[in-house]
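*Asks:* Sharing a structure here in structure tokens format.
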Amino acid sequence: MVDIITLIKSAIMIIAAILIVLTAFGLIRYKDDVERILYARVHMLGVADMACIAALLALNEPLLAVTYFFLTPFASHAIANAYYYGEEQR
Amino acid sequence: MNIVFRIFYAIAYFIVLIIEIIKATFDVAVRTLNGKIEPVIVEIETELKRPVSQVILANSITLTPGTLSIDVDSKNCVIKVATIVPRAKEDVIPFEAYIKGWLE
């Protein structure tokens with residue numbers, strides 16, 4: 000008899016793995032000729048963040064997941080802000 | 000406002016945020032495959048006056064894949080947002096009303 004909770008956790012892990020593969024594919028897919036492509040890359044990395052949070056929850060690490068949930072916007076915000084004002088000066 | 004309403008709005012905010020995150024995650028994951036992206040920067044005027052609620056709004060914008068807050072102008076209540084495709088204001092911040100009920 001397969002435990003139903005183990006089944007749900009395995010499904011979440013598989014979905015997270017698929018999302019991370021999609022993110023990696025999206026990061027290397029676009030060349031630099033698209034305008035403001037850096038923002039699109041940060042958007043795609045947001046998908047990897049959410050997949051990581053789901054995987055941490057499935058691995059019985061809720062404290063790490065909550066910490067990640069609160070800390071991940073700061074890094075994205077810092078990258079976008081630095082690029083926005085650096086691009087203005089160029 | 001009554002403290003019970005504030006707690007209710009806080010719980011409702013987290014539920015709406017998680018639903019929006021799940022929706023946006025799959026939306027952006029599909030867009031990486033079919034290549035329909037057009038990154039733009041828009042300025043969004045918010046009704047929130049307190050800096051703490053503006054920061055929470057900007058944080059939840061960044062937490063949702065597909066939208067990314069760049070800068071917060073606290074005096075003029077304007078948030079610069081980069082979105083992956085041009086969107087209406089209500090689709091970018093659907094949780095503004097809940098933050099307003101929670102913290103304003």
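Top to bottom, those sequences are chains S and E. According to numbering that gives the first Met the number 0, the stretch in the first sequence is residues 0 to 89, in order. According to numbering that gives the first Met the number 0, the stretch in the second sequence is residues 0 to 103, in order. Every residue gets a Cβ at the ideal spot worked out from N, C-alpha and C, and that includes glycine.
(1) Count the other C-beta atoms from every protein chain shown that fall within 10 angstroms of the C-beta of SER73 (chain E), then say buried if there are 16 or more, exposed otherwise.
(2) Determine the chain E residues that contact ASN80 (chain S) at a beta-carbon separation under 8 Å, and present them in chain order.
(3) Who are LEU67 (chain E)'s beta bridge partners in DSSP?
(4) What first and last residue would you give for the alpha helix (DSSP H) that runs through GLU95 (chain E)?
(5) Closer than 8 Å by beta-carbon distance: list the chain S residues that pair up with PRO50 (chain E), in chain order.
(6) Using a Cβ-Cβ cutoff of less than 6 Å, which residues in the same chain neighbour ALA53 (chain S) once the five nearest sequence positions on both sides are dropped?
(7) Please report the distance separating the alpha-carbon of ASP70 (chain E) from that of GLU103 (chain E).
(8) Does the Cβ of GLY45 (chain S) have 16 or more other Cβ atoms within 10 Å, making it buried, or fewer, making it exposed?
(9) If we cut at 9 Å on Cβ distances, does LEU192 (chain E) have a partner in chain S?
(10) Considering Cα atoms alone, identify which of E:LYS22, E:ILE14, E:LEU56, E:THR66 is closest to ILE36 (chain E).
(11) Where do the N-terminal and C-terminal ends of the alpha helix (DSSP H) with ILE21 (chain E) fall, by residue?
(12) Just checking: is the beta-carbon of ILE20 (chain E) within a distance shorter than 9 Å of some beta-carbon in chain S?
(13) What is the DSSP secondary structure of ASP32 (chain S), reduced to helix, strand or coil?
(14) Evaluate ARG49 (chain E) with the Cβ neighbour count: other Cβ atoms within 10 Å of its Cβ, from every protein chain shown; 16 or more gives buried, anything less gives exposed.
(15) Quick one: list the residues of chain E neighbouring ALA39 (chain S), beta-carbon separation under 7 Å, in chain order.
(16) What residues of chain S sit near GLY65 (chain E), judged by a beta carbon separation below 8 Å?
(17) Considering only DSSP beta bridges, list what ILE92 (chain E) is partnered with.
(18) I need the boundaries of the alpha helix (DSSP H) containing VAL39 (chain E), first residue and last residue.
(19) Measure the C-alpha to C-alpha separation of THR61 (chain E) and ASN33 (chain E) and round it to an integer number of angstroms.
*Replies:* Taking the coordinates as given:
(1) Exposed.
(2) Here the neighbours are ILE69, ASP70.
(3) Note: LEU67 (chain E) sits in a beta bridge opposite E:ALA81.
(4) GLU95 (chain E) -> alpha helix (DSSP H) spans 95–102.
(5) Using a Cβ-Cβ cut-off of 8 Å, PRO50 (chain E) is close to nothing in chain S; its nearest Cβ partner there is about 15 Å away.
(6) Result list for ALA53 (chain S): ILE11, ALA15, in chain order.
(7) Looking at the two C-alpha atoms, the distance is approximately 21 Å.
(8) Buried is the call here.
(9) The first residue shown for chain E is 0 and the last is 103, placing residue 192 (chain E) beyond what the model contains.
(10) The shortest Cα separation from ILE36 (chain E) among E:LYS22, E:ILE14, E:LEU56, E:THR66 belongs to E:THR66.
(11) Where ILE21 (chain E) is concerned, the enclosing alpha helix (DSSP H) stretches over 2–33.
(12) For ILE20 (chain E), the answer is yes, since a Cβ of chain S falls inside 9 Å of its Cβ.
(13) Reduced to three states, the DSSP call for ASP32 (chain S) is coil.
(14) Counting Cβ neighbours within 10 Å, ARG49 (chain E) comes out exposed, since fewer than 16 surround it.
(15) Neighbours of ALA39 (chain S) on chain E, chain order: ILE36, PRO38, ILE83.
(16) Within 8 Å Cβ-Cβ: HIS42, GLY45.
(17) Answer is none; ILE92 (chain E) lacks a bridge partner.
(18) Here VAL39 (chain E) belongs to no alpha helix (DSSP H); instead the beta strand (DSSP E) covers 39–44.
(19) Rounded to whole angstroms, the separation of the alpha carbons of ASN33 (chain E) and THR61 (chain E) is 23 Å.
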